[in-house]
Amino acid sequence: MITQKGSLLIGIEYDGKIHKDFELRPQLVRDTVTAFEHPKFSNDMYAGLILLSAQIIKLGDIPKEKITPELLLDLYEEDVKILFSAKEELANKLKSFRSQENSIK
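Take 1475 as the starting number for the sequence shown in this note's numbering and just add one per residue.
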């Protein structure tokens, strides 16, 4: 699976420790369907956090099940921008990978 790794500028505090390193996976249809079922999906920014939290494989040492939209609300704006930029880079990387795969056939 193609992923995107990076590091937050400031980080997020969890369990008394600052966590900065992250890894994202591509967005899946399952993520979108699940997000639509969330009661706060009508808020565009929150909807983005719902989808982003599903894509985050790793955020420091925070257990995956604890990486929620509510947790991401405690990020600094600069770090949210880094995550959304990484998400966009990952989508572009995936498109590029698919294009290369199709040209090989």
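Idealized CB from N, CA, C, for every residue including glycine. Treat the numbers as computed from the prediction; the structure is a model and nothing was measured.
Can you give me the Cβ contacts of S1481 inside the same chain, cut-off strictly under 6 angstroms, excluding the 5 residues immediately before and after it? As a first step, residue 1481 must be located in the sequence shown, where it is residue number 7. Correct list, in chain order: K1494 and D1495.
For I1536, collect the residues of the same chain with a Cβ closer than 7 angstroms to its Cβ; drop the 5 residues on either side in sequence, then sort them by chain order. Within the sequence shown, the letter at position 62 stands for residue 1536. Same-chain partners within the cutoff: Y1488 and H1493.
Contacts around F1571, its chain only, beta-carbon distance under 7 angstroms, and the 5 residues preceding and following it disregarded: What you label residue 1571 is simply residue 97 of the sequence shown in a count that begins at 1. Around F1571: I1476.
Going by other Cβ atoms of all chains shown within 10 Å of its Cβ, with 16 needed for buried, is P1513 buried or exposed? Counting from 1 along the sequence shown, the entry for residue 1513 is found at position 39. P1513 comes out exposed.
Between L1557 and L1526, is the Cβ-Cβ spacing less than 8 angstroms? Along the sequence shown, one-based indexing puts residue 1557 at 83. Along the sequence shown, one-based indexing puts residue 1526 at 52. Yes, the Cβ-Cβ distance between L1557 and L1526 is below 8 angstroms.
For the alpha helix (DSSP H) that D1518 lies in, which residues bound it at each end? Within the sequence shown, numbered from 1, the residue matching residue 1518 stands at position 44. Here the alpha helix (DSSP H) through D1518 covers D1518 to Q1529.
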